[in-house]
């Protein structure tokens, strides 16, 4: 007797009480680690709750099995997790669906491995709209299509690869369109940052991000700055220099300095605009220093 392997669907639930979710997200509020822990403790008191990180959801991989990504903002709360073998969002566990008070609850579900996509809008715990499908199978179609769906049903998003009985679109492509229409923003890398706190509930230990001999740590900007500054004899805190100060100038030093400066600039871009300004100042100082290394 053959058995099919389970599917794992990433489910993102937005509990909304504000009239303008996009305005809240545009402010890029920070997530509250304490809120997430309390939420999970109430959802299932038996769970071992382990914080595993804080980051921007729109620029990271989605949650994995046994994980919850949570953020509580004014008027809007986000919960993302993985649910096994989910086919119909109308059948979502009521404990999860009603875990927070909200008149409007929006649910988005994707499984990249199977091509499954699902969208649902609940108002006062009643299903207003739910569509869950793969391209070759419709699992659930409750309520009337929203206006944003019409181009999909009309075939405007048909790639021509489906058969005669397939939907004229990929359901996973409908998910971001639904989010944009219902919430007013895109959960995208170039959009506003959606800060979340991540937790594991499968008993794993809390990660030791800075420890462990096998973990590869990228050098931060301070270490790059320090290496370049030490090589040139420049103070990081006081970038002033003497035009006539003597330095060793072995072959290839200029290339090394430039590589360090480029690495500093790259690190600065990752760390943020404020640190980037510091990197640019150092880069300018290094450039000036290089131009004077041949002075007697």
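Numbering (this note's numbering), first residue to last: 105 to 400. Think of the CB as a built atom: it goes at the ideal place given N, C-alpha and C, for glycine as much as any other residue.
(1) In chain order, what residues of the same chain have a beta carbon less than 7 Å from the beta carbon of residue 227, not counting five sequence neighbours either side?
(2) Which residues does DSSP list as the beta-bridge partners of residue 235?
(3) Let's test the definition: count the other Cβ atoms within 10 Å of the Cβ of residue 184 and tell me whether it reaches 16, buried, or not, exposed.
(4) Taking the DSSP output, what are the residues bridged to residue 299?
(5) Are residue 258 and residue 173 touching if we call contact CB-CB under 8 Å?
(6) Under a Cβ-count criterion, where at least 16 other Cβ atoms within 10 Å of its own Cβ denotes burial, should residue 255 be classed as buried or exposed?
(7) On the CB-based measure, 16 or more other CB atoms within 10 Å of its CB, does residue 275 come out buried or exposed?
(8) What first and last residue would you give for the alpha helix (DSSP H) that runs through residue 140?
(9) Can you tell me whether residue 327 is helix, strand or coil according to DSSP?
(10) Which word fits residue 353, buried or exposed, when buried means at least 16 other C-beta atoms lie within 10 angstroms of its C-beta?
(11) Over what stretch of residues does the beta strand (DSSP E) that includes residue 182 continue unbroken?
(12) Taking the continuous alpha helix (DSSP H) assigned at residue 277, which residues delimit it?
(13) Among residues of its own chain, excluding the 5 on either side of residue 296, which ones have a beta-carbon nearer than 7 Å to its beta-carbon?
(14) Mind checking which residues open and close the beta strand (DSSP E) that includes residue 118?
(15) Less than 8 Å between the beta carbons of residue 127 and residue 299, yes or no?
(16) Taking a contact to mean a Cβ-Cβ separation below 8 Å, would you say residue 179 touches residue 122 in this structure?
(17) Could you please give the first and the last residue of the uninterrupted beta strand (DSSP E) stretch that includes residue 211?
(18) So residue 233 packs on residue 202, CB below 8 Å; how close in whole Å?
(19) Reducing DSSP to helix, strand and coil, say where residue 253 ends up.
(20) How many Å lie between residue 310 and residue 156 at the Cα?
(21) In whole angstroms, what separates the C-alpha of residue 248 from that of residue 225?
(22) Would a C-beta distance cut-off of 8 Å place residue 213 and residue 235 closer than the cut-off?
(23) Distance check for residue 312 and residue 190, CA to CA, integer angstroms please.
(24) Helix, strand or coil for residue 264 per DSSP?
(25) Using the Cα positions of residue 119 and residue 286, report the straight-line distance between them to the nearest angstrom.
(26) Which residue marks the beginning of the beta strand (DSSP E) containing residue 174, and which one marks its end?
Taking the structure as given:
(1) By one-based count along the chain shown, residue 227 stands at place 123. Contacts found: 207, 208.
(2) Against the chain shown, residue 235 aligns to sequence position 131. Per DSSP, 223, 245.
(3) Residue 184 sits at position 80 when you count from the first residue of the chain shown. Label assigned to residue 184: buried.
(4) For this step, residue 299 is matched to residue 195 along the chain shown. Per DSSP, 160.
(5) In the chain shown, the residue the question calls residue 258 occupies position 154. In the chain shown, the residue the question calls residue 173 occupies position 69. In this structure, residue 173 does not lie closer than 8 Å to residue 258 by Cβ.
(6) As a first step, residue 255 is located in the chain shown; it is residue number 151 there, counting from the start. Residue 255 comes out exposed.
(7) To locate residue 275, count along the chain shown from 1; it is residue 171. Buried is the call here.
(8) On the chain shown, residue 140 is found 36 positions in, with the first residue counted as 1. Unbroken alpha helix (DSSP H) run through residue 140: 137-147.
(9) Taking the first residue of the chain shown as 1, we reach residue 327 at position 223. A caution first: residue 327 carries a pLDDT of 41, below 50, which makes its placement in the model too unreliable to give a value.
(10) Looking up residue 353 in the chain shown gives position 249. Unreliable placement is indicated for residue 353, whose pLDDT of 40 sits below 50; no coordinate value is reported for it.
(11) Your numbering for residue 182 matches position 78 in the chain shown. 180-188 is the span of the beta strand (DSSP E), which, as asked, contains residue 182.
(12) The count along the chain shown starts at 1 and reaches residue 277 at position 173. 275-287 is the span of the alpha helix (DSSP H), which, as asked, contains residue 277.
(13) For the purposes of this step, residue 296 is identified with residue 192 of the chain shown, where counting begins at 1. Answer for residue 296: 129, 130, 132, 289, listed in chain order.
(14) Counting from one through the chain shown, the residue named residue 118 turns up at place 14. Where residue 118 is concerned, the enclosing beta strand (DSSP E) stretches over 112-120.
(15) The residue given as residue 127 occupies position 23 in the chain shown. The residue given as residue 299 occupies position 195 in the chain shown. It is not a contact, given that the beta carbons lie outside the stated cut-off.
(16) By 1-based counting over the chain shown, the position of residue 179 is 75. By 1-based counting over the chain shown, the position of residue 122 is 18. Yes, the pair counts as a contact, with Cβ atoms nearer than the cut-off.
(17) Counting from one through the chain shown, the residue named residue 211 turns up at place 107. Residue 211 -> beta strand (DSSP E) spans 208-215.
(18) If you number the chain shown from 1, residue 233 lands on position 129. If you number the chain shown from 1, residue 202 lands on position 98. Wrong, their Cβ atoms sit about 18 Å apart, outside the cutoff.
(19) On the chain shown, residue 253 is found 149 positions in, with the first residue counted as 1. Residue 253 falls in the helix class under three-state DSSP.
(20) Sequence index remark: in the chain shown, residue 310 carries index 206 (1-based). Sequence index remark: in the chain shown, residue 156 carries index 52 (1-based). Near 6 Å, if we compare the C-alpha coordinates of residue 156 and residue 310.
(21) One-based indexing of the chain shown puts residue 248 at position 144. One-based indexing of the chain shown puts residue 225 at position 121. Their backbone Cα atoms lie some 11 Å apart in a straight line.
(22) Looking up residue 213 in the chain shown gives position 109. Looking up residue 235 in the chain shown gives position 131. Result no, Cβ atoms of residue 213 and residue 235 do not sit closer than 8 Å.
(23) Looking up residue 190 in the chain shown gives position 86. Looking up residue 312 in the chain shown gives position 208. C-alpha separation (whole angstroms): 33 Å.
(24) On the chain shown, position 160 is the one that residue 264 refers to. Three-state DSSP puts residue 264 in coil, outside helix and strand.
(25) Stepping through the chain shown from its first residue, residue 119 is reached at position 15. Stepping through the chain shown from its first residue, residue 286 is reached at position 182. Those two C-alpha atoms are separated by around 12 Å.
(26) In the chain shown, the residue the question calls residue 174 occupies position 70. That run of the beta strand (DSSP E) goes 171-177.
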